[in-house]
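Each residue of the sequence shown is one higher than the one before, counting from 1 in the UniProt record's numbering. Encoded as structure tokens, the structure appears first; notes follow it.
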Amino acid sequence: MSTEPPRPTALITGAASGIGAALARLLAAQGHRLILVDREPLPPSSDCETIRADLTDPDDLAVVEDRCRSGLDLLVNNAGFGHPTRFLDTPIEAEIAMARLHMEAVLRLTHAALPPMLERRSGGVVNTASVLGFLPSSTYSASKAWVINFTQATAKMTRPQGVTVMALCPGFTRTGFHDTARMDMTKVPGPLWMSPDEVAEKALRDFAKRKSLSIPGWHNRLIAAVARTLPPSLTIRLLATTDMREPAR
Ligand SMILES: NC(=O)c1ccc[n+]([C@@H]2O[C@H](COP(=O)([O-])OP(=O)(O)OC[C@H]3O[C@@H](n4cnc5c(N)ncnc54)[C@H](OP(=O)(O)O)[C@@H]3O)[C@@H](O)[C@H]2O)c1
């Protein structure tokens, strides 16, 4: 009979690419059994379970919610996207899809995953927000501000029961995110960029330290610290000079 302890199980949304894929590689290397969720079908693997789900679709979301309810050691709510256009140039359906993915899916999956973790007094949740969540720049940043606020409030509640809930706030990270959002990033200086592997490594180090907030990169920590001290009116004026989205077509 095997005496090996059972492998911890991690479910990651938006696991096909970018930061989600980097987290999946690291968690697999640490011995986790993976459940990878993405909108696109993921290649089948003997070593992990895959779920094809568009998390803005209520039926697909319910399938992933059930999987979370059945007991996980780690939930990573990472799936996300940016709009190519400003608020009033964006179809309301696209705004609602973002609100569903960044807020409703994070809310529902966290709500489903936490009770078994709290019962066992172990495990945790990582919610990928953004350093933009500290800056009032768009509906994207507003949704990520919600993720930070929700995550920190939940972390305060679960911490005494041994369950870590952490908001991950990356800055500019070299993934397909900006191409999908059709953003022109050519003016962003090289030193401000991080790789998805660097972001994922810092996230898991901070999670192991039971932090409720992880901001990879000293420059991003500086941006977040300044954003929290500047008057909102000044932040809004500064941000108006740095919009990377193309004008409406
Ligand atoms: N890259 C950055 O500079 C940056 C900075 C701060 C925060 N973030 C955040 O980091 C997270 C990961 O983004 P990334 O940079 O790694 O970009 P990415 O490579 O584009 O990854 C995003 C993942 O989310 C998935 N996804 C999008 N909509 C979905 C839906 N409706 N249902 C299920 N999955 C969906 C995508 O699948 P498809 O391929 O099918 O679209 C993709 O696998 C996001 O929450 C993003 O907001 C990124």
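We treat Cβ as the ideally placed atom computed from N, Cα and C, and that holds for glycine.
- Nearest C-alpha to E49 among E104, L34, D59 and N78: L34.
- Following the DSSP letters along the chain, one finds G18 inside the alpha helix (DSSP H) bounded by residues G18 to A29.
- With contact defined as three or more Cβ pairs closer than 8 Å, the segment 209-219 and the segment 101-119 are not in contact.
- Annotation: C68 is outside any beta strand (DSSP E); the continuous alpha helix (DSSP H) that includes it extends over P58 to R69.
- Put simply, the backbone Cα of L26 is about 15 Å away from that of G14.
- Of the candidates G82, R52 and T56, the residue whose Cα lies closest to the Cα of S138 is G82.
- Secondary structure of S141 (DSSP, three-state): helix.
- Counting along the chain, T164 sits inside the beta strand (DSSP E) bounded by residues T164 to L168.
- When secondary structure is reduced to three states using DSSP, T85 falls in the coil class, being assigned neither helix nor strand.
- At least one heavy atom of ligand 1 is found less than 7 Å from the C-beta of A16.
- With fewer than three CB-CB distances shorter than 8 Å, the segment 89-100 does not count as touching the segment 62-70.
- Closer than 7 Å to some heavy atom of ligand 1: that does not describe the Cβ of A10.
- Beta bridge pairing from DSSP links L239 with no other residue.
- Selection H178, D54 and L36 evaluated against S46 yields L36 as nearest (Cα-Cα).
- Uninterrupted alpha helix (DSSP H) stretches at least 4 residues long and entirely within the segment 191-225 occur at 196-208, given in chain order.
- Per DSSP, V188 lies in no beta strand (DSSP E) and is assigned neither H nor E.
- A direct Cα-Cα distance of roughly 10 Å separates P189 from F172.
- A check of alpha carbon separations from L222 across C169, R182 and S195 identifies C169 as the nearest.
- Three or more Cβ pairs drawn from the segment 128-138 and the segment 216-232 lie within less than 8 Å of each other, which places the two stretches in contact.
- At least one heavy atom of ligand 1 is found less than 7 Å from the C-beta of P196.
- Look at T180: its beta carbon is less than 7 Å from one of the heavy atoms in ligand 1.
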